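Chemist:
There are 2 protein chains.
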Amino acid sequence: MAKAVLTPQAENFPAWYQDVIARAELAENGPARGTMVIRPWGYAIWELIQADMDRRIKATGAQNVAFPMFIPMSFLEKEKQHVEGFSPELAVVTHGGGEELAEPLVVRPTSETVINHYFAKWIQSHRDLPMLLNLWNNVVRWELRPRMFLRTTEFLWQEGHTAHATAADAAAETERMLQVYRQFMEESLAISVVVGEKSPGERFAGADQTFTCEALMRDGKALQMGTSHNLGYNFARAFDICYLDADGERRHVATTSWGTSTRMIGGTIMVHGDDHGLRLPPAIAPHQVVILQLDDAVETATEVGRIADALRAAGVRTHVDARTHTSFGRRSVGWELKGVPVRIELGARELAAGRATVVRRDDRSKTTVALDGAARAATDLLGEIQQGLLAASRSFREEHTRPVTDLGEFTRRVGDGGLFLAAWSGTPESEQALGEIGGATIRCIVDADPPASHCLVTGAPAKHAVLIGRAY
Amino acid sequence: MAKAVLTPQAENFPAWYQDVIARAELAENGPARGTMVIRPWGYAIWELIQADMDRRIKATGAQNVAFPMFIPMSFLEKEKQHVEGFSPELAVVTHGGGEELAEPLVVRPTSETVINHYFAKWIQSHRDLPMLLNLWNNVVRWELRPRMFLRTTEFLWQEGHTAHATAADAAAETERMLQVYRQFMEESLAISVVVGEKSPGERFAGADQTFTCEALMRDGKALQMGTSHNLGYNFARAFDICYLDADGERRHVATTSWGTSTRMIGGTIMVHGDDHGLRLPPAIAPHQVVILQLDDAVETATEVGRIADALRAAGVRTHVDARTHTSFGRRSVGWELKGVPVRIELGARELAAGRATVVRRDDRSKTTVALDGAARAATDLLGEIQQGLLAASRSFREEHTRPVTDLGEFTRRVGDGGLFLAAWSGTPESEQALGEIGGATIRCIVDADPPASHCLVTGAPAKHAVLIGRAY
């Protein structure tokens, strides 16, 4: 089989990443700096992610809504930390309909401010709570170092915004959505993630607490895959969002927000992809099975159609590739690049032997199965591949997570990649000092005993166990 | 039953429209002029429209993609008529990331320019054709007289963009999508539409031909519900989109575009709504059946649950309203306002009689049915209501369409509303003169014999039969 024309991961991981996005026809750069065009294969993956995530979000009771993308600058200025955090990343509309605007409009970098303005109108009584809203939309954050799917000026995402009667309810919602995200990533993206709280330096601008799902890419760098923020009373006070409780007492609500984006596609590429291209978990593969029809014989086409029908009847997303004028090598390499989990190959020779060839994308192994059992064998493989990719992702992360108690050792080894479990004092100074060591950051605080009694960086008494590493 | 608190349609139709949008909690104005917040009930309608339309679009072979919303100004300037048409409506980003941009970015008013730029990269050979792409996104056209759902500065829509080997293929695609739209509007929105070509004055900026689906609202004004444009070679030449044909000859492609938007929700409100609120066609009703549980007795709740289960098993979107602390009048009026097609009322009294009350939203008639047959009766009603709304929409349009051959008569009657079938000479002068008569415009050229031998306006020889009327 011809070798896929990708830069090998071991040689240059960022070049491999760009190659696979181009060759699998996932996306390309847009004309304006930092923007992205998502092509049919990439967008079909996004549609599957959306449908799955949307179902999980609605199951929590949230309802979908749409808010305008233009936000008056004055709205952003109401929450001090929020505007400070987002100001450097804003795109600003100054002209509309041929005239200069009296007040510039910001293209939403996130929608807390505009949604909280409406929360204040819509929420009157404790009977209106909790209010659980979700939006699927596009947001803009100006990026100086854009990278497709991971960091683009405009990106597609979902953002949830909720209001609650008590701080405890908001804390519970923050945790609930963090777990919804973790489950989605594990069950659908087949990516094992660590969940934990962000350190203050990595917190969302305006949040009391930010929680994250962190995954480890195959180059040893971490990726923040989704975040859930407990906003406490910060936005409720800034926007004066109040309700009358059961005793007629006027109280502020407590709010949360949470989001996941097209960045998850970037994570899926970098966790599962290999030197032959993408390896898509079946749950988000636009074609779960491709049947490669090897010749134009009527008998071949008939049998291909029969297997395709059986697969579709079993609910498997199936594509028949009948481009018999295109070489076998080109076709099989193409589907490998695109990461289709299972390939069935069928031509006159297979038909004569009464067996079809079945190829797994995960380990690239080939077997032959009786024609009658081909659909069933392919369907079974999908479950195996989904589980296998998750298990591999978990092993990889665990093997590349090591406790570290010596600053010198950490400094020498941080460049190797992976995650380091360390003791941390919790001070801003130690967090900042860490950032100067090989570009590492605290990925999250984890629920574990610190591996030492004193902070890795400052030597002060340890307060938390943290995972440290370089990240995208 | 309490009367819904809406301005009656006959008294003030625009006020009724605003009232029903507010009281049914569909949407409200956004903070920036002309923008809109779509609330859960309105957005759930949009999600049903999207899912249905998306299925129909994909059935034609089109694939979904995403393109950036920021388009360099220079792209728009490539097609002369296009930029002239859209310039007055543009929103312009002049600052990003804290700095003034070297080239201002336009927030897409539509995506022909950026997509055709990529068509030129992606299309090389006749084997790449046709290329059929569709986008679900948000666009911005600055509106001086915004009206919710009908004309908002930002709106949600789908825009299709296709490239073809020949002008005939592009013409066929334009017609195919026009019919997809017509079928969707009739089958799902239960709105009878006239399809026809737009006159030059109403054409899309940059199109050779624009075709439209026109519907008639209950106040006698027309609404353009969706358009399909044959762009001929205009964009292909401007963006130099070429392919090698089977003989190795380099040729320009021919392109089309077509779109429908949240405006369809406005049309659905104004075609079906009455003085009691919305009347939603079951195909796009978020709740198709609401069961009003009238008391908290265990037996009542059990029977309500049983009927709900039976409805859901039959694939009916069913909601149980168990807010027994809220008055019956308030609840029933609320669901009437929201347009839920069928309501089942059930309490101890109904249970004792062994019958449930079933209320149709379309004619507000009530019947009682045996408890065992309630789910089946409600399910059957949904089909009847869907067909009945379409039939009513067709009758209304036909009754309010009349031939007119005398300019004086037209001038006197145009203010009454409705559509007028007239003979037209086809000249720009006559089209312009028409616009000065009571604000009427040519809605479309129809496939019929002109009702007179000479143009209604100029008296020149008639070339077309046209429908004329005032429009949103």
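Keeping their order, the protein sequence lines are chains A and B.
First residue of the first sequence? That's 76 in this note's numbering, and the numbers climb one at a time after it.
First residue of the second sequence? That's 76 in this note's numbering, and the numbers climb one at a time after it.
All C-beta atoms in this analysis are idealised placements derived from N, C-alpha and C, irrespective of residue type, glycine included.
This one's a predicted model, so the numbers in the text were calculated from it and none came from an experiment.
#1: Check for me: the beta strand (DSSP E) holding threonine 516/B runs from which residue to which?
#2: In terms of DSSP beta bridges, what is isoleucine 146/A paired with?
#3: Does any CB atom of chain B fall closer than 8 Å to the CB of serine 528/A?
#4: Against chain B, with Cβ distances strictly below 8 Å, would threonine 399/A count as a contact?
#5: May I ask you to report which of helix, strand or coil DSSP gives arginine 326/B?
#6: For a contact defined as C-beta to C-beta under 7 Å, what are the partners of methionine 22/A on chain B?
#7: Confirm, please, whether the CB-CB distance from serine 332/B to glycine 235/B is below 8 Å.
#8: For tryptophan 217/B, decide whether its Cβ has a neighbour in chain A, counting only Cβ atoms nearer than 8 Å.
#9: Please list, in chain order, the residues of the stretch 341 to 374 of chain A that have any C-beta partner in chain B closer than 9 Å.
#10: Exposed or buried, which one is threonine 227/A when buried takes at least 16 other CB atoms within 10 Å?
#11: Who are the Cβ neighbours of tryptophan 91/A in its own chain at under 8 Å, not counting the five residues just before and after it?
#12: Please list the partners that threonine 107/B has in chain A, where partner means a Cβ-to-Cβ separation under 8 Å.
#13: Does any residue of chain B bring its CB to less than 8 Å from the CB of glycine 172/A?
#14: The alpha helix (DSSP H) that contains phenylalanine 194/A, what's its start and end?
#15: Could you spell out where the alpha helix (DSSP H) holding tyrosine 118/A opens and where it closes?
#16: How big is the Cα-Cα spacing for isoleucine 113/B and leucine 306/A?
#17: Compare the C-alpha of alanine 141/B against each of Arg354/A, Ile120/A, Arg469/A, Gly301/A and name the closest.
#18: Could you tell me the distance, in whole angstroms, from the CA atom of leucine 482/B to the CA atom of valine 532/B?
#19: Enumerate in chain order the residues of its own chain whose CB-to-CB distance from alanine 383/A is below 7 Å, with the five nearest sequence positions on each side excluded.
#20: Per DSSP, what kind of secondary structure is alanine 79/A in: helix, strand or coil?
#21: Could you give the first and the last residue of the continuous alpha helix (DSSP H) run that contains alanine 452/A?
#22: Mapping DSSP to helix, strand and coil, what is glycine 334/B?
#23: Could you confirm whether any beta carbon from chain A is found closer than 8 Å to the beta carbon of proline 115/B?
#24: Just by C-beta distance, which residues in the stretch 225 to 236 of chain B are closer than 8 Å to chain A?
#25: Near threonine 270/A, which residues of its chain fall below 6 Å by C-beta distance, leaving aside the five closest residues on each side in sequence?
#26: Note down the Cα distance separating alanine 79/A from aspartate 129/B, rounded to an integer number of angstroms.
#27: For leucine 157/B versus glycine 295/B, is the C-beta spacing smaller than 8 Å?
#28: Quick one: what's leucine 496/B bridged to in DSSP?
#29: Report the rounded CA-to-CA distance for threonine 169/A versus leucine 180/A, giving the unit in angstroms.
#30: When you compare each of Ala313/A, Thr335/A, Tyr318/A to serine 303/A by their alpha carbons, which one comes out closest?
#31: Where do the N-terminal and C-terminal ends of the beta strand (DSSP E) with methionine 292/B fall, by residue?
#32: Taking 8 Å as the cut-off, decide whether the C-beta atoms of isoleucine 520/A and glutamate 506/A are in contact.
#33: Is there contact between the stretch 95 to 106 of chain B and the stretch 402 to 413 of chain B, where contact requires at least three CB pairs shorter than 8 Å?
#34: Within the chosen definition, does the stretch 354 to 371 of chain A reach the stretch 478 to 495 of chain A through at least 3 CB pairs nearer than 8 Å?
#35: Taking the alpha helix (DSSP H) that tyrosine 92/A falls in, what are its first and last residues?
#36: Show which residues of chain A have a CB atom less than 9 Å away from the CB atom of alanine 184/B.
Modeler: The structure says:
#1: 516 to 521
#2: Val181/A
#3: Interface criterion not met: the Cβ of serine 528/A is under 8 Å from no Cβ in chain B.
#4: no
#5: strand
#6: Here chain A covers residues 76 to 547 and nothing more, so residue 22/A does not appear.
#7: yes
#8: Interface flag for tryptophan 217/B against chain A is set, since a Cβ pair is found closer than 8 Å.
#9: none
#10: buried
#11: If we look at tryptophan 91/A and ignore the five residues flanking it on each side, its Cβ neighbours are Leu81, Thr82, Pro83, Gln84, Gly348, Asp350.
#12: In the sequence as displayed, the identity of residue 107/B is alanine instead of threonine. Pro143, Phe145, Ile146, Pro147, Leu180, listed in chain order.
#13: yes
#14: 187 to 197
#15: 115 to 134
#16: 24 Å
#17: Ile120/A
#18: 6 Å
#19: Only Ile366, Thr393, Val395 meet the Cβ criterion.
#20: Residue placement at alanine 79/A cannot be trusted, given a pLDDT of 49 that sits under 50; the coordinates are not used to answer.
#21: 449 to 474
#22: strand
#23: yes
#24: Thr228, Glu229, Leu231
#25: Sequence check: residue 270/A is valine here, not threonine. Non-local beta-carbon contacts of valine 270/A in its own chain, meaning distances under 6 Å to residues more than five positions away in sequence, involve Leu253, Arg257, Cys288 in chain order.
#26: Note that alanine 79/A scores a pLDDT of 49, beneath 50, so its modelled location is shaky and nothing firm can be said.
#27: For the sequence presented, residue 157/B should be read as histidine rather than leucine. Not closer than 8 Å, so no.
#28: Pro478/B, Leu542/B
#29: 7 Å
#30: When only C-alpha atoms are compared, the closest one is Thr335/A.
#31: Methionine 292/B -> no beta strand (DSSP E), and no H or E assigned at all.
#32: Judged by beta-carbon spacing, glutamate 506/A lies beyond the 8 Å limit of isoleucine 520/A, meaning their Cβ atoms are not closer than that value.
#33: Result yes; three or more Cβ-Cβ pairs closer than 8 Å.
#34: No, because fewer than three Cβ pairs between the stretch 354 to 371 of chain A and the stretch 478 to 495 of chain A fall closer than 8 Å, the two stretches do not touch.
#35: Counting along the chain, the alpha helix (DSSP H) containing tyrosine 92/A begins and ends at 88 to 98.
#36: A small correction: the amino acid at residue 184/B is proline; alanine does not occupy that position in the sequence shown. Those within 9 Å of proline 184/B in chain A number zero; the least Cβ separation is about 11 Å.
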